[in-house]
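Heads up: the structure comes next, in structure tokens.
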Amino acid sequence: MDSTPAVGPAATDAEVRLTLYTSAFCEPCMQTRAVLAEAARLVPRLRVTERDVAGNLESAEADGIRSTPTVIVAGPAGDEVFRAEGVPTLNQVLLAAAKAL
1 MDSTPAVGPA ATDAEVRLTL YTSAFCEPCM QTRAVLAEAA RLVPRLRVTE
51 RDVAGNLESA EADGIRSTPT VIVAGPAGDE VFRAEGVPTL NQVLLAAAKA
101 L
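Per my numbering, residue 1 is the first one in the sequence shown, and the count goes up by one each step.
In structure tokens, the structure reads:
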């Protein structure tokens, strides 16, 4: 039996979505932006969306945001695989991205 993973459009085009919830004058939010920018540089299939909590109250409430920064990592199907309240490490983000793919 061949254990080679299937490769096709779905496998190669899959994206990992990172949503960063922020707030104004949030120093940890700036640090988190830097971590996510480096992760996106290393993993081209990462897509980062930043949402200011004040301007996106409904989304923040729906996602259960209690503090900023909060990062949510979701796989191609939209399933949440990782959540960090506070500044995540680069290794945490990369591991979550690998799990999402």
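Even glycine gets a Cβ: it sits at the ideal position worked out from N, Cα and C.
This structure is a prediction, so every number in the text was calculated from the model and none was measured.
Query                                                                                                            : Result
C-alpha gap between residue 99 and residue 46, whole angstroms                                                   : 12 angstroms
Beta carbon proximity, residue 55 to chain B, threshold 8 angstroms                                              : Of the protein chains in the structure, only one exists, and it is not chain B.
Coarse secondary structure for residue 87, derived from DSSP in three states                                     : coil
Residues bridged to residue 16 [DSSP beta-bridge criterion]                                                      : 46
Counted within 10 angstroms of its Cβ, other Cβ atoms place residue 49 as buried (16 or more) or exposed         : exposed
Per-residue burial, residue 66 [other beta carbons within 10 Å of its own, 16 or more giving buried]             : exposed
Neighbourhood of residue 82 by C-beta, 6 angstroms cutoff - its chain only, sequence neighbours within 5 removed : 73 and 96
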